[in-house]
Structure formats: C-alpha cells, structure tokens
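Below: one structure, written as structure tokens.
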Amino acid sequence: MLFFAPGLWMSIQTADISHTMVVVYLGLFPTVVPYFAIAYVTMKAGASEATIILYITPVLAMVLSWLWLHEIPGYVSVVGGILTLTGVLFATSDMHKGDRKKPSKKTSVTL
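Residue numbers are given in the UniProt record's numbering: position 104 of the sequence shown equals residue 104, and the series is strictly consecutive.
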C-alpha cells in the first residue's frame with residue numbers, strides 16, 4: 001500500500017509532532033483498544049452476550065454528544081435509542097433466556 005503514497009515518507013518527516021501524535025492516537029484508541037476489549041469480553045462472557053454490548057454503542061454516543069457537546073438528539077434518534085435499549089434488555093432478561101433451546105451434545109452436519 002505504501003507504493004501508492006510516494007510522498008508519504010517526506011510528509012511524515014515534515015509533519016508537526018502534534019499532528020503525528022493525533023494520527024497515532026486515532027490509529028490506536030478507536031481501533032486497537034476496542035478490538036482487544038471485545039475479544040476479552042467474548043472470552044469471558046461468550047459471543048452472544050458480548051455482541052449485545054455493540055448495540056449499546058450508538059445510544060451511548062448519542063448520550064455523550066448530548067452531555068459533552070450539547071448536541072440535542074433528534075426525535076428519531078431518541079426513539080431508536082429507546083427501541084435499542086428495550087431490545088438489549090429483552091435479550092438479556094431471564095425471562096427470555098428460559099425460551100432458548102439447549103444445543104445437543106451430538107451434532108451432525110449433512111450437506
């Protein structure tokens with residue numbers, strides 16, 4: 001991929017250190033840290049429980065933008081957030097877990 005960026009090395013050398021650190025930050029925290037976090041949660045809780053957490057991310061982003069940036073969420077965003085949280089609560093409730101069928105120990109695959 002570096003072949004397609006012929007002026008990359010010169011740009012890196014002349015870039016201000018603060019700009020370089022911003023790029024490093026954006027490469028590490030929004031990508032690497034969440035990757036290892038979801039891997040850890042999946043290992044501890046299981047795949048189905050860990051992926052439910054991913055549904056909460058947009059709702060949390062909406063709340064944080066409201067609190068920190070004073071952005072007022074729209075009606076559709078609020079309704080979508082309520083529906084999302086309702087679905088997450090339903091999926092994690094004990095009432096719903098009783099309806100799941102237990103997988104059999106003996107499984108076979110036929111094609």
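Don't be surprised by glycine CBs; every beta carbon is placed ideally from N, CA and C.
Need the endpoints of the alpha helix (DSSP H) that residue i sits in, please.
i: GLU49; result: 47-68
i: THR31; result: No alpha helix (DSSP H) contains THR31, which DSSP labels as neither H nor E.
i: SER77; result: 75-92
i: ILE12; result: 8-14
Output the distance between the C-alpha atoms of residue i and residue j, rounded to the nearest integer angstrom.
i: ALA50; j: ALA61; result: 18 Å
i: PHE90; j: ILE72; result: 27 Å
i: VAL78; j: TRP66; result: 11 Å
i: VAL33; j: VAL22; result: 16 Å
i: THR41; j: TYR25; result: For the sequence presented, residue 41 should be read as Val rather than Thr. One C-alpha to the other measures close to 23 Å.
i: PRO30; j: SER18; result: 18 Å
i: ALA15; j: GLY74; result: 39 Å
i: VAL76; j: PRO6; result: 45 Å
Pick out whichever of the options has its Cα sitting closest to the Cα of residue i.
i: LEU85; options: ILE53, GLY46 and GLN13; result: ILE53
i: ILE56; options: SER93, GLY87, GLY7 and TRP9; result: GLY87
Here's a check: name, in chain order, each residue in its chain whose Cβ is nearer than 7 Å to the Cβ of residue i, leaving out the five neighbours to either side.
i: VAL59; result: GLY81, THR84 and LEU85
Which residues in the same chain as residue i place their Cβ atom closer than 8 Å to its Cβ, once the five residues preceding and following it in sequence are excluded?
i: ILE12; result: THR20
Give every residue of the same chain whose Cβ lies closer than 6 Å to the Cβ of residue i, excluding the five residues on either side of it in the sequence, and list them in chain order.
i: GLY27; result: none
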